[in-house]
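Taken in order, the sequence shown gives residues 2 to 164; the numbers are from my numbering. Glycine included, C-beta positions come from ideal geometry on N, C-alpha and C.
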Amino acid sequence: MKLISGFITIALLSTCSGPREGAGSSSSPRVNIPFTPDISINEVMVAQIDHAAHFIWNAANPANAASAIDWQEVEHHAIQLIASRSAISMGGTGVNDAMWIAQTSWREYVNMLNNASLLALESARQQDVAQLSRAGDLLVESCELCHRQYKPAIPTEGFTHPH
Ligand code: HEC
């Protein structure tokens with residue numbers, strides 16, 4: 002028994018040893034901290050995802066010369082999209098949020114959005130215009146597929162993007 006509790010202590014210590022190399026990889030141990038965001042998926046869509054995605058589409062627009070792309074801003078907006086993943090995976094105050102996040106296809110669309118955003122981030126860091134354009138296309142696809150299946154005709158919280 003003593004041996005077992007000693008082992009558990011060691012196991013706990015080793016998971017709590019803080020940041021280490023490769024901490025961003027999916028194989029690193031995580032502590033799940035349960036909470037519900039105090040905003041709705043509708044609000045996150047309008048105030049974060051839509052804003053950030055439009056910046057990336059504008060940057061990837063072939064009408065803009067490569068030299069005009071502010072790569073650091075592209076990088077920051079890609080990070081905003083990647084950061085939104087947790088909010089739209091957990092759901093918040095929206096009336097339908099809890100129902101949406103429980104669906105397998107919802108999580109697949111969230112992953113599509115995330116993968117496109119990761120590609121945009123990599124493109125920004127490598128200053129690769131062609132790859133940024135591919136990331137932009139994948140991004141549109143994720144919005145469209147998810148909206149087709151889940152977005153109500155009238156946003157549940159009444160939030161739409163004004164510009
Ligand atoms: C995982 C599913 C999913 C993905 C991916 C997704 N959305 Fe949404 N989006 C929704 C849902 C559901 C709503 C409606 C929320 C509500 O009414 O409560 C919504 C609402 C919105 C709204 C507000 C309603 C409106 O018509 O103005 C905007 C803007 C929006 N999304 C933009 C985007 C953009 C841009 C992308 C892609 C970069 C995107 N969304 C990706 C599910 C998704």
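- Query: Within the chosen definition, does the stretch 107-125 reach the stretch 134-142 through at least 3 CB pairs nearer than 8 Å?
  - Reply: With a cut-off of 8 Å, the stretch 134-142 and the stretch 107-125 count as touching, because enough Cβ pairs lie within range.
- Item | Under the three-state DSSP convention, the category V96 falls into | Taking the first residue of the sequence shown as position 1, residue 96 is located at position 95. Three-state result, V96: coil.
- In terms of residue numbering, what span does the alpha helix (DSSP H) encompassing Q150 cover? Against the sequence shown, residue 150 aligns to sequence position 149. Secondary structure note for Q150: its alpha helix (DSSP H) is the uninterrupted segment V130 to Y151.
- Message: On the CB-based measure, 16 or more other CB atoms within 10 Å of its CB, does E158 come out buried or exposed?
- Response: For the purposes of this step, residue 158 is identified with residue 157 of the sequence shown, where counting begins at 1. Buried, since its Cβ has 16 or more Cβ neighbours within 10 Å.
- Cβ pair A84, I57 closer than 8 Å: Taking the first residue of the sequence shown as position 1, residue 84 is located at position 83. Taking the first residue of the sequence shown as position 1, residue 57 is located at position 56. Not a contact, by the Cβ cut-off of 8 Å.
- For the alpha helix (DSSP H) holding D51, just list the boundary residues, first then last. As a position in the sequence shown, residue 51 is number 50, starting the count at 1. In this chain, the alpha helix (DSSP H) harbouring D51 covers D51 to A61.
- Message: For the ligand HEC, is there any heavy atom lying closer than 7 Å to the beta carbon of F56?
- Response: If you number the sequence shown from 1, residue 56 lands on position 55. Relative to the ligand HEC, even the nearest heavy atom lies 7 Å or more away from the CB of F56.
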